[in-house]
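Worksheet: the structure to be examined is printed underneath.
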Amino acid sequence: MLELHSIAKSYETGDLSQVALDGVSLAFRDSEFVAILGPSGSGKTTLLNIIGGLDHADSGDLLIDGISTKDYRSKDWDTFRNNRVGFIFQSYNLIPHQTVLANVELALTLSGVGREERRQRALEALRKVGLAEHAKKRPNQLSGGQAQRVAIARALVNDPEIVLADEPTGALDSKTSTQIMDLLREIAQDRLVVMVTHNPELAEEYATRIVSLADGRIVSDSRPYDPEAEGRRERRKEIRPARMGFLTALSLSFNNLMTKKGRTIMTAFAGSIGIIGIAAILALANGVNDYIMSVEEDTLSSYPIQITSSSFDMTSMMGISMDLDTEDEPAEAGDLHEVSVIDRMFSSFGNNDLASLKEFLDDDAEEIDRYARSVEYRYNVVPQVYNANTTDGVDKINPDETFSALGIGVGSSQFMAQLMSTDIFSELPENLDLVKEQYDLVSGTWPEEPTDVLMVLGRDGTVSDFELYVLGIRDGDQLDAMVRQLANEETVEVAEDDATYTVEDLMGVEMKLVLAADYYTYDSEHDVWMDKSDDEAYMKGLIAKGEDLHVCGVIQPNEEATSAFLTAGVYYTPELVEHLIAEASESDIVKAQLADPKVDVFNGLTFEEEQEGEGDGAFDPESLFTIDEDAMADAFQFDEAALDIDASALGGVDLSGLDLSGLGGPGQSEMPDMHFTLEDLGIDPSTLVQPMPEETVEQMTQALAGGYAAYLQQWAQEGGQAAGEEPLTFEEWMDTEPAQAIVSQFVGSYTAAVTQQVMAQLTEAMGTYMN
């Protein structure tokens, strides 16, 4: 049944190698009581552990029923130990908090035996060793001999074929030892019992076979066994794999916990402190991380990452000015050191492929979502918004024209106008949750329709007076007056307003949305599209037909918002932009342009011709007629001969009769004759007046051309073309009041300039003559 072939085992401790078994070969009969004798360190316990599968040899082979165990896996050894081997240890190895019965049942528990069967078999094993009445005791309530008998009962309860006893009487007195040995001899009647002992008297008295070991080798065998000669016995019982059910394991664990209540409570308390500490640290860390993320989101929400079609390297541009004062190598005397400013300046600009970027973001959306709350796109679409009330004229709200419509010229006023942000309309983010997290709804609702807009207040519910002016809540004439004063470099008188405004005033603003494509009408005669945005009557009709923009709600930052995500103003939804794009795609002018993408619908020229300079890219009213600029200039010549004047021609006075001796200097008693001509003053009459400058003539020509073009447009709008009437020719139109007003404007300005020039020369010359 059990055979050992050339078993060798050694233990390594640092550089020291201790040989425990050295080529041991041994075979056992199915039923015999084998005592293994030998001094300490001879390898007895090592041999016993290898037989029981508790340890494995370095070399050699262990055969079980003639089958090698070299290929045994861990679960195979578990099955072998659980079904075929029973262990009796010198120190008993009983579980102190379990009862005697529970200790014996433990071996059956690992075999998967049912609860009732376990109890019956355990009690039967205890009866065999004479301890049935002690089944409910704990091991600490037993004597040494009783504890060893419990260990024997535990070894026998699974009906093993092999019983291994390691010094079973080593901790017992002689009387108890005799009882245990009698019990082992009885057990050996129908199974193999292998006992390790250092007591030769017990071995001689009880064992049927004695094997002596010395230095890891067998030195004697009282009854050798040759399995080849005597034959091997077949396996006599079913092998069950070692296993334990989940409920059984749970029951044992719970029983173990309840047995040691104090230890369990202390362990649980200590574990709880550790768990609570770890949980507190994790909660604190997560809380800090969440707070940092919240602050980052609130702060960075005001400064989102924006990727535009053109990029600009600010660091490079700032470095250019620094390089102008820095030389890599000193220049020699008289030499100039060139710095590549232009090259670096243009290299700091770049273009981004937004189409490819959008494709990348759309394809990798799940990965991008890990780092961004929202990825949104902006289109170059600006809603054209007007005040619905056109009684006092057309009032454009967005884009705001407060400064540009007043004709502010160059200079500081224009610079100030560029610095001031006049547009109060902006687009909301597509992810409205970003706004709802930081803003409270003061009145109304959140946007639901494309034409719904939100009014955003400042912190503490503030609204700027400029917004009130633009929206028409305050009198816009007051703002016009202040801007004109600023443009004329006058002291600005700020209009005072004691009125009180409410949220209902904002909710009640009436606005109209006009499609930008509707500004243009088609001129079939010249096959071009005309801009009618300057035609007040046309725009009033367009506004009346426009869509209503509705202020659906008013919001303001809440207390949790560390930084405002939106600035104060009016905000429309991305759905409105999509709505405008869809409406524009159905307009006639867009369809006309898409029908022939190479030709500009505003002037009939191809875009290539515009780039080559063959057209200016816009409809030119002067192409409808021509003007002789030379003849125009001759018409405004002055008669130089008429300037041959004397003092009387200037309205002078005869001063010869006045006694001015008191005004003379030393040696001068009287003034000379005051009658003089321009020649007397040293002035050439031809230098006083010049023909009208060509630049002025060109400006007047353009103004006349624009006026005549406006007349033609008005004539067509009033149905003159449809009625078959002929418009006035340019020469005929020049006799009309609008044309004469334009001429008078330029002639008056020119006359004033000439008069100022003549008077300046005369004043200087007369002063010289008087001296």
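Here this note's numbering is used: position 16 in the sequence shown is 18, and no number is missing along the way.
Where is the CB? At the ideal position from N, CA and C, for every residue including glycine.
Contact belief for residue i with residue j at Cβ below 8 Å, rounded distance in angstroms
i, j, result
"GLU107", "ARG121", "7 Å"
"THR178", "GLY147", "4 Å"
"MET513", "VAL699", "Wrong, their Cβ atoms sit about 45 Å apart, outside the cutoff."
"GLY62", "HIS7", "6 Å"
"GLU169", "VAL198", "6 Å"
"TYR522", "LYS534", "7 Å"
"LEU185", "SER33", "Not quite, the Cβ-Cβ distance comes to about 16 Å (not below 8 Å), so this is no contact."
"VAL437", "LEU568", "7 Å"
"ARG486", "ASN433", "The Cβ separation is near 43 Å, so there is no contact."
"ALA209", "ALA37", "4 Å"
"GLY40", "LEU252", "Rounded, the Cβ-Cβ distance is 45 Å, inconsistent with contact."
As assigned by DSSP and simplified to three states, the class of residue i
i, result
"GLN308", "coil"
"ARG211", "strand"
"LYS547", "helix"
"ALA407", "In this predicted model, ALA407 has a pLDDT of only 45, less than 50, meaning its place in the structure is not dependable; the value taken from the coordinates is given anyway. Helix."
"LEU645", "The pLDDT assigned to LEU645 is 41, lower than 50, so where the model puts this residue is not dependable; a value taken from the coordinates is nonetheless given after this. LEU645 falls in the helix class under three-state DSSP."
"ASN353", "strand"
"TYR74", "coil"
"MET513", "strand"
"GLN191", "coil"
"VAL102", "helix"
"ILE426", "coil"
"GLU34", "strand"
"LEU96", "coil"
"SER253", "helix"
"ASP60", "coil"
"GLY571", "strand"
"ASN605", "coil"
"GLU450", "coil"
"GLY88", "strand"
Rounded C-alpha distance that separates residue i from residue j
i, j, result
"TYR574", "MET736", "49 Å"
"HIS58", "ILE280", "42 Å"
"ASN51", "ASP17", "24 Å"
"ASN142", "PRO98", "7 Å"
"VAL760", "ILE744", "25 Å"
"GLU696", "GLY709", "20 Å"
"VAL458", "GLN719", "42 Å"
"SER445", "ILE557", "7 Å"
"ASP60", "ALA10", "6 Å"
"GLN715", "THR731", "14 Å"
"ARG140", "ASN105", "9 Å"
"ALA137", "ARG31", "34 Å"
"ALA755", "LEU338", "47 Å"
"ASP371", "PRO431", "16 Å"
"SER296", "ASN560", "14 Å"
"ASP223", "ARG211", "7 Å"
"ALA205", "PHE82", "27 Å"
"ILE278", "LEU259", "21 Å"
"LEU712", "MET541", "Here the sequence assigns Ala to residue 712, which means Leu is not the residue at that position. The straight-line gap from Cα to Cα measures roughly 16 Å."
"VAL21", "LEU110", "36 Å"
"LEU174", "LYS262", "29 Å"
"THR753", "GLN747", "10 Å"
"MET484", "THR493", "9 Å"
"ALA390", "GLU588", "24 Å"
Buried/exposed call for residue i, threshold 16 Cβ in 10 Å
i, result
"THR502", "exposed"
"ILE583", "exposed"
"ALA167", "buried"
"GLN420", "Residue placement at GLN420 cannot be trusted, given a pLDDT of 42 that sits under 50; the coordinates are not used to answer."
"GLU733", "exposed"
"GLY264", "exposed"
"GLY653", "Because the pLDDT of GLY653 is 38, which lies under 50, any placement of that residue in the model is unreliable, and the question is left without a value."
"VAL290", "exposed"
"GLY54", "buried"
"MET268", "exposed"
"PHE621", "Only weak support exists for where PHE621 lies, its pLDDT of 44 falling under 50; the coordinates are left without a value."
"GLY411", "Caution is warranted here: a pLDDT of 40 is assigned to GLY411, below 50, making its placement in the model unreliable, and the coordinate value is therefore given only provisionally. Classification of GLY411: exposed, given that the 10 Å Cβ count is below 16."
"GLY45", "buried"
"ALA287", "exposed"
*the region 463-479 touching the region 504-524, judged by at least three CB pairs closer than 8 Å*: yes
*Count the CB pairs spanning the region 82-92 and the region 158-174 that are closer than 8 Å, and state whether there are at least three.*
yes
*Any chance the region 376-383 sits against the region 449-465, with 3 or more Cβ pairs inside 8 Å?*
no
*asked:* Counting beta carbon pairs with one atom in the region 349-359 and one in the region 539-555, are three or more of them shorter than 8 Å?
replied: no
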